[in-house]
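Same order as they appear, the protein sequences are chains F and P.
Taking the working numbering, the leading residue of the first sequence gets 1, the next gets one more, and so forth.
Taking the working numbering, the leading residue of the second sequence gets 186, the next gets one more, and so forth.
There are 2 protein chains.
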Amino acid sequence: MRRTGAEARQRILEAAMEEFTRHGADGARIDRIARNAGASKERLYAYFGDKQSLFDEVVRSAVERSSMAVDLEADDLVAYALRLARHFFRHPDDLRMLAWMRLEEQCEQVLAIDSLVSHHERKLAAVRRAQDAGTVDTVWDPAELLQVVLATATYWARASGTGGLSEERCLAVVEEAVRRLIAPR
Amino acid sequence: MRRTGAEARQRILEAAMEEFTRHGADGARIDRIARNAGASKERLYAYFGDKQSLFDEVVRSAVERSSMAVDLEADDLVAYALRLARHFFRHPDDLRMLAWMRLEEQCEQVLAIDSLVSHHERKLAAVRRAQDAGTVDTVWDPAELLQVVLATATYWARASGTGGLSEERCLAVVEEAVRRLIAPR
């Protein structure tokens, strides 16, 4: 029984991820999520409370998955940016959920999760070590630099209807840009 | 009568902008837009067709307003990036509409508008002139560089729940970043 419950929960989460990435919190429909998950609405509500709680849960898992996929341990910001770019290139739904999160103005709650805060602290420490080692210019505030690197690593996601972007080409642009951003003068 | 019609149309557009920036195309409600504009739903439909057409119209005007506000004539990418950053800092709704546009996958239609295409062509030509003049590194493809600059100029909009961002500080970061990106080696 317990196992079946965990599976149903997971199916609901996956169906919710798909629904929310397409329609956002306002546009998503609970009955469609339940139907696509093969679950009853009653069960969905029993597991997740209301639609807002379900949205929060989906955003949180997208943020956690993205953050964990791209740890910054080796003090190498170029490699980190390339991992970020590659992750989002291959998991565009994670990027879409982050965009929804911003539009729904959920950032503060989601990013206050303990695991993400300590993850962010580790990244800041890695940037400081790189600055001490002389591979990243000390002109930068580590937190601001990480934001600029994140924006740069996903620059192609803002790209307009040009279509046909190749992952290889985008990664080459990200690498060139981040090398220039960090280079000590 | 004609004047009243134009005014009513404008009021509907403004109410729609507010509704869509908050709820997106899926979540927006036509009856709320009509009520906030002091118009009947019948009139709204007569002017704009269906909800999708109204959304397209609002996105298009946000894109046009943003693009026109930040022309790149002087071949000066740093000044251009700062104008972009300042415009979006002061008009966050325009940035929200661009995010909705991407999430609704409307980029191709909207960006194919003649005025925007020729606007983009002028920007590409300005980057090429700057490369010829030696103020922008020739390593860059002009279109890709413009995308990276746009991402950088709005890096703070991805910023997480840190709150209390100052416009002055964000502009200083944008300036430093874009100088580094373009500097000829």
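Every residue gets a Cβ at the ideal spot worked out from N, C-alpha and C, and that includes glycine.
- Task: Please confirm if Q52(F) has its CB atom under 8 angstroms from at least one CB of chain P.
- Result: On the first sequence, residue 52(F) is found 52 positions in, with the first residue counted as 1. No - not a single Cβ of chain P is within 8 angstroms of the one on Q52(F).
Could you give the residue range of the alpha helix (DSSP H) that holds Y340(P)?
-> Reading the second sequence from its first residue, position 155 is the one you call residue 340(P). Looking at the DSSP string, Y340(P) is not in any alpha helix (DSSP H), and its letter there is neither H nor E.
inquiry  = Report the CB separation of L280(P) from A342(P) in whole angstroms; it is logged as a contact under 8 angstroms.
reply    = To locate residue 280(P), count along the second sequence from 1; it is residue 95. To locate residue 342(P), count along the second sequence from 1; it is residue 157. Going by Cβ atoms, the distance from L280(P) to A342(P) rounds to 6 angstroms, so yes, they are a contact pair.
Would A186(F) and I12(F) be called neighbours here (beta carbons separated by less than 8 angstroms)? Because chain F is modelled from 1 through 185, residue 186(F) falls outside the range shown and cannot be assessed.
(Q) When you compare the CB of R365(P) with every CB in chain F, is at least one pair closer than 8 angstroms? (A) Taking the first residue of the second sequence as 1, we reach residue 365(P) at position 180. Taking Cβ atoms only, chain F reaches closer than 8 angstroms to R365(P), which makes this a yes.
Worksheet entry | Contact with chain P by L82(F), beta-carbon distance below 8 angstroms | Numbered from its first residue, the first sequence carries residue 82(F) at position 82. For L82(F), the answer is no, since every Cβ of chain P falls outside 8 angstroms of its Cβ.
Q: Run down chain P in chain order and give the residues with a C-beta less than 9 angstroms from the C-beta of L173(F).
A: Residue mapping note: residue 173(F) aligns to position 173 of the first sequence, counting from 1. Per the sequence presented here, residue 173(F) reads as Val, with Leu not at that position. Neighbours of V173(F) on chain P, chain order: W325, D326, E329, L330, Q332, V333.
To which residues of the same chain is A62(F) closer than 6 angstroms at the C-beta, ignoring the five residues directly before and after it?
Residue numbering aside, residue 62(F) sits at position 62 when the first sequence is read from its first letter. These residues qualify, in order along the chain: D94, M97.
Inter-stretch contact at 8 angstroms, needing at least 3 Cβ pairs: the stretch 352 to 361 of chain P / the stretch 259 to 275 of chain P: Touching, per the Cβ criterion.
- Message: Do L116(F) and S66(F) count as a contact pair if the criterion is CB distance below 8 angstroms?
- Response: Numbered from its first residue, the first sequence carries residue 66(F) at position 66. Numbered from its first residue, the first sequence carries residue 116(F) at position 116. Cβ atoms of S66(F) and L116(F): not closer than 8 angstroms.
* Could you tell me which chain P residues have their CB closer than 7 angstroms to the CB of H23(F), listed as they occur along the chain? => Taking the first residue of the first sequence as position 1, residue 23(F) is located at position 23. Result: D211.
ask   = So what's T135(F) in DSSP terms, helix, strand or just coil?
value = As a first step, residue 135(F) is located in the first sequence; it is residue number 135 there, counting from the start. Three-state DSSP puts T135(F) in coil, outside helix and strand.
Practice task
Name, please, each residue of chain F whose Cβ falls closer than 7 angstroms to the Cβ of R281(P).
Solution key: Residue 281(P) sits at position 96 when you count from the first residue of the second sequence. Per Cβ cutoff of 7 angstroms: L103.
Can you name the residues of chain P whose CB is closer than 8 angstroms to the CB of A99(F)? Taking the first residue of the first sequence as 1, we reach residue 99(F) at position 99. Within chain P, the residues near A99(F) are A284, R287, L288.
Review point. At a CB-CB cut-off below 7 angstroms, which residues of chain F make contact with Y340(P)?
Key: The residue you call residue 340(P) lines up with position 155 of the second sequence. For Y340(P), the chain F residues whose C-beta falls within less than 7 angstroms of its own C-beta are Q147, V148, A151, listed in chain order.
Next item on the list: Please report how far the alpha carbon of A201(P) lies from the alpha carbon of V243(P), in whole angstroms.
Entry: As a position in the second sequence, residue 201(P) is number 16, starting the count at 1. As a position in the second sequence, residue 243(P) is number 58, starting the count at 1. So the alpha carbons of these two residues sit roughly 7 angstroms apart.
Against chain P, with Cβ distances strictly below 8 angstroms, would A177(F) count as a contact? The count along the first sequence starts at 1 and reaches residue 177(F) at position 177. For A177(F), the answer is yes, since a Cβ of chain P falls inside 8 angstroms of its Cβ.
message: Given a cut-off of 8 angstroms on the beta-carbon distance, is the pair V312(P) and A338(P) in contact?
response: By 1-based counting over the second sequence, the position of residue 312(P) is 127. By 1-based counting over the second sequence, the position of residue 338(P) is 153. Between V312(P) and A338(P), the CB-CB gap reaches or exceeds 8 angstroms.
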